[in-house]
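Colleague: Quick one: the structure is below, and I'll ask about it shortly.
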Amino acid sequence: MGFNVLVTGANRGIGLGLVKQFARQSSVSKVFAGVRTPSSFPHIEEEYGKKIHVVQLEVADDASVAASVQTVKKELGSEGLDILVNNAGINGNPKIDPEAIDPDHFLKVLNVNVVGAHRMTAAYMPLLRLAPTKKVINISSTLGSIANHGGFGVYMADYNSSKAALNSMTNLYSLRYKDEGFIFIPMCPGYVKTDLSPDGAISVELSASNVVDLTLKATSENSGVLYSTSYNNQVLEW
Numbered sequence: 031m032g033f034n035v036l037v038t039g040a041n042r043g044i045g046l047g048l049v050k051q052f053a054r055q056s057s058v059s060k061v062f063a064g065v066r067t068p069s070s071f072p073h074i075e076e077e078y079g080k081k082i083h084v085v086q087l088e089v090a091d092d093a094s095v096a097a098s099v100q101t102v103k104k105e106l107g108s109e110g111l112d113i114l115v116n117n118a119g120i121n122g123n124p125k126i127d128p129e130a131i132d133p134d135h136f137l138k139v140l141n142v143n144v145v146g147a148h149r150m151t152a153a154y155m156p157l158l159r160l161a162p163t164k165k166v167i168n169i170s171s172t173l174g175s176i177a178n179h180g181g182f183g184v185y186m187a188d189y190n191s192s193k194a195a196l197n198s199m200t201n202l203y204s205l206r207y208k209d210e211g212f213i214f215i216p217m218c219p220g221y222v223k224t225d226l227s228p229d230g231a232i233s234v235e236l237s238a239s240n241v242v243d244l245t246l247k248a249t250s251e252n253s254g255v256l257y258s259t260s261y262n263n264q265v266l267e268w
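Structure representation (structure tokens):
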């Protein structure tokens, strides 16, 4: 029996790349692609041996998350969810100084990037507890490393702050659920070349491959540690 995986924000970019990479693994049985609009998901299910299951999911909406749990639970039957990848996120505006950031947008970024990951984790804990693996991967960023502030400019206070909060939350959860065998890891997938960042330094395919590789290999020793998967799994400072 292989691993069952759920990836949020899976309709494009790194999320879609992760779905494809997980589906290619012989050790993976099912990959749930969480997307806000299922019709926007490319028709690739047949290409991957029907491992991929599209699930309507909006991480900022309690009802949507709750409904997705029931959909995934029905598909899994008596099995649990081995790996939850909280990838869904929204960006800040790199051209706006911190003092000019709209407070409502700041709250929206926090709700999706931080509370969304918490909302998903809390809702899926029962299914995660049914699986022997119990891994929660939160897709983060080097921009959330306070030790690295200034190295990439001083913009996007909303986005950077959300990733710093996500890192802190992930570390706290790794400590809280360690005795239950959970593994919580924040990972920076690198500056990925996508529609949102066409000048990215790493391809979606390579970035996703790096994340999946560390995810599948990770043990309790990796839990609560911030990694940059695009730099040979370099450990980043908080």
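Numbering-wise, the sequence shown is residues 31 to 268 according to my numbering.
Glycine included, C-beta positions come from ideal geometry on N, C-alpha and C.
What you are looking at is a predicted structure, and each value in this text was computed from that prediction instead of being measured.
Is there contact here, the region 56 to 65 with the region 249 to 258, by at least three beta-carbon pairs under 8 Å?
Modeller: no
Colleague: Mind checking who histidine 83 pairs with in its DSSP beta bridge?
Modeller: The residue given as residue 83 occupies position 53 in the sequence shown. Phe62, per the DSSP bridge assignment.
Colleague: Jot down the residue ranges of each uninterrupted alpha helix (DSSP H) in the region 123 to 168, minimum 4 residues, whole runs only, in chain order.
Modeller: 133 to 140, 146 to 159
Colleague: Starting from valine 102, follow the alpha helix (DSSP H) in both directions and report where the run begins and ends.
Modeller: One-based indexing of the sequence shown puts residue 102 at position 72. Where valine 102 is concerned, the enclosing alpha helix (DSSP H) stretches over 92 to 106.
Colleague: Less than 8 Å between the beta carbons of lysine 60 and glutamate 105, yes or no?
Modeller: Against the sequence shown, residue 60 aligns to sequence position 30. Against the sequence shown, residue 105 aligns to sequence position 75. Contact flag set, yes.
Colleague: Counting C-beta neighbours from all protein chains within 10 Å, is the total for alanine 161 16 or more, i.e. buried, or is it exposed?
Modeller: Here residue 161 refers to the residue found at position 131 of the sequence shown. Burial call: buried.
Colleague: DSSP state of serine 69, grouped into three classes?
Modeller: Within the sequence shown, the letter at position 39 stands for residue 69. Reduced to three states, the DSSP call for serine 69 is helix.
Colleague: For asparagine 263, which residues from the same chain have a beta carbon less than 7 Å from its beta carbon, with the 5 sequence-adjacent residues on both sides left out?
Modeller: Counting from 1 along the sequence shown, the entry for residue 263 is found at position 233. Shown here for asparagine 263: same chain residues with a beta carbon closer than 7 Å to its own, the five before and five after excluded, namely Leu244, Tyr257 in chain order.
Colleague: Could you give the residue range of the beta strand (DSSP E) that holds leucine 114?
Modeller: Here residue 114 corresponds to residue number 84 of the sequence shown, with the count starting at 1. Unbroken beta strand (DSSP E) run through leucine 114: 113 to 116.
Colleague: Which value, in whole angstroms, describes the spacing of the CA atoms of histidine 135 and serine 175?
Modeller: For the purposes of this step, residue 135 is taken as the residue at position 105 of the sequence shown. For the purposes of this step, residue 175 is taken as the residue at position 145 of the sequence shown. Roughly 21 Å separates the two Cα atoms.
Colleague: Roughly how many angstroms lie between the CA atoms of aspartate 127 and aspartate 188, to the nearest whole one?
Modeller: Residue mapping note: residue 127 aligns to position 97 of the sequence shown, counting from 1. Residue mapping note: residue 188 aligns to position 158 of the sequence shown, counting from 1. About 10 Å.
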